[in-house]
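Q: Numbers 2 to 96, taken from the working numbering, label the letters of the sequence shown in order. Please read through the structure below; I'll follow up with questions.
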Amino acid sequence: MHKEKDTYVVELISFKIYISKEDNNIEDIVYTENNTSLTKKEWDKETTSKLIFELISSRISSEQIITDMTQEIADLDEQIKELKGENDKDVTEPK
């Protein structure tokens with residue numbers, strides 16, 4: 002059993018990856034469908050292939066989310082610059 006306070010848990014669709022907080026090494030990977038463990042060598046080739054597919058898919062999804070967020074931030078920065086420019090034009094100096 003993994004102590005949650007001593008590990009980081011990365012949850013994929015069908016797997017949980019337990020990473021030690023002490024040394025950042027993978028402690029175990031558990032297939033959540035049947036609670037089998039990679040470190041105990043309880044997996045067949047199909048399960049291993051599924052893990053690899055989910056890891057690749059999650060990486061691609063993460064990269065797309067970061068790209069989308071970066072674009073959103075750039076768009077918001079542009080809107081802020083435009084608003085600041087409009088405010089500078091509207092401000093009149095007191096007489």
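Glycine included, each C-beta is placed from N, C-alpha and C at the ideal position. Being a predicted model, the structure only gives us computed values, none of them experimental.
I'd like to check one pair, Ile67 with Leu52: are the Cβ atoms closer than 8 angstroms?
A: By 1-based counting over the sequence shown, the position of residue 52 is 51. By 1-based counting over the sequence shown, the position of residue 67 is 66. No.
Q: In chain order, what residues of the same chain have a beta carbon less than 8 angstroms from the beta carbon of Glu73, not counting five sequence neighbours either side?
A: Taking the sequence shown and counting its residues from 1, the one referred to as residue 73 is at position 72. Contacts found: none.
Q: Using the beta-carbon count (16 or more within 10 Å), is Tyr9 buried or exposed?
A: Translated into positions along the sequence shown, residue 9 becomes position 8. With fewer than 16 Cβ atoms within 10 Å of its Cβ, Tyr9 is classed as exposed.
Q: Can you tell me whether Lys42 is helix, strand or coil according to DSSP?
A: Locating residue 42 in the sequence shown gives position 41, counting from the first residue. Coil, per DSSP.
Q: Any idea which residues DSSP pairs Glu12 with across the strands?
A: Here residue 12 corresponds to residue number 11 of the sequence shown, with the count starting at 1. According to DSSP, Glu12 bridges with Lys17.
Q: Starting from Glu28, follow the beta strand (DSSP E) in both directions and report where the run begins and ends.
A: Numbered from its first residue, the sequence shown carries residue 28 at position 27. Start and end: Ile27 to Tyr32.
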